[in-house]
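Participant: In full-length UniProt numbering, the protein residues as written are 1 to 135. Using N, Cα and C, we set each Cβ at its ideal position, and we do this for glycine too. This is the structure I have questions about; it appears just below.
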Amino acid sequence: MIEIVDAAACIACDVCVKVCPTDVFDRGVDGIPVIARQSDCQTCFMCEAYCPVDALYVSPVSGPVGPESPHADAATVTRAGLFGGYREMVGWGRGRTSGALRDRNPLLKAVPPLPESRLPAPSTVADTPWNHTDG
Ligand code: SF4
Ligand code: SF4
Numbered sequence: 001m002i003e004i005v006d007a008a009a010c011i012a013c014d015v016c017v018k019v020c021p022t023d024v025f026d027r028g029v030d031g032i033p034v035i036a037r038q039s040d041c042q043t044c045f046m047c048e049a050y051c052p053v054d055a056l057y058v059s060p061v062s063g064p065v066g067p068e069s070p071h072a073d074a075a076t077v078t079r080a081g082l083f084g085g086y087r088e089m090v091g092w093g094r095g096r097t098s099g100a101l102r103d104r105n106p107l108l109k110a111v112p113p114l115p116e117s118r119l120p121a122p123s124t125v126a127d128t129p130w131n132h133t134d135g
């Protein structure tokens, strides 16, 4: 659940306000987003992933952690290097390799026969690996 906006790092770009699927943020008068409806957060991490300056922290806990929790303490989160930690993990941001390029899951090249006749089956969906750069 969204826990912290680092107002000092925020550049008031509004991206998090726009990408949040459940309208958790309000734009503050100074442009810094305000967590206005925390209970509507669905812990999707999209705001953190899109923030260009790593000014957000979404806790991996799906409910509010409470004021005593280290997940709600900006200094602790900063020391742990977790502002924008999800963005870093998925490889978004300059100089990083995206998670899609690092993915090593088995490649799906065809779908099994379907019970309905609406789609031909099996259907080849890829002749070559489409999610790996090195084949
Ligand atoms: S984690 Fe998802 S639902 Fe929660 S504030 Fe961020 S974008 Fe909105
Ligand atoms: S995306 Fe980041 S920099 Fe932009 S308004 Fe939100 S917190 Fe601030």
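(1) Is it buried or exposed for Pro106, if we count other Cβ within 10 angstroms and need 16 for buried?
(2) Please list the terminal residues of the continuous beta strand (DSSP E) segment that includes Leu56.
(3) Taking only heavy atoms of ligand 1 into account, decide whether any of them is closer than 7 Å to the Cβ of Val53.
(4) Excluding the 5 residues flanking Ile32 on each side, which residues of the same chain have their C-beta closer than 7 Å to its C-beta?
(5) For ligand 1, I want to know if Pro21 counts as a neighbour, meaning its beta carbon is within less than 7 Å of at least one of the ligand's heavy atoms.
(6) Below 8 Å, can you find three or more Cβ-Cβ pairs linking the segment 30-46 to the segment 96-110?
(7) Could you check whether the Cβ of Asp26 sits closer than 7 Å to any heavy atom belonging to ligand 2?
(8) Could you work out which residue in Gly63, Val65 and Ala72 is closest to Leu56 when comparing CA atoms only?
Facilitator: Put simply:
(1) Counted from its first residue, the sequence shown places residue 106 at position 106. By the neighbour-count rule (16 or more Cβ atoms within 10 Å), Pro106 is not buried but exposed.
(2) Numbered from its first residue, the sequence shown carries residue 56 at position 56. Note, Leu56: beta strand (DSSP E), Leu56 to Val58.
(3) Mapped onto the sequence shown, residue 53 falls at position 53. Result no, Cβ not under 7 Å from ligand 1.
(4) Here the question's residue 32 lines up with position 32 in the sequence shown. Same-chain partners within the cutoff: Val5, Ala7, Cys10 and Ala12.
(5) Position 21 of the sequence shown, counted from the start, is the residue given in the question as residue 21. True, at least one ligand heavy atom lies under 7 Å from that Cβ.
(6) no
(7) As a working mapping, residue 26 is identified with position 26 in the sequence shown. No, since every heavy atom of ligand 2 falls outside the 7 Å radius drawn around the Cβ of Asp26.
(8) Taking the first residue of the sequence shown as position 1, residue 56 is located at position 56. Of Gly63, Val65 and Ala72, the residue nearest in Cα terms is Ala72.
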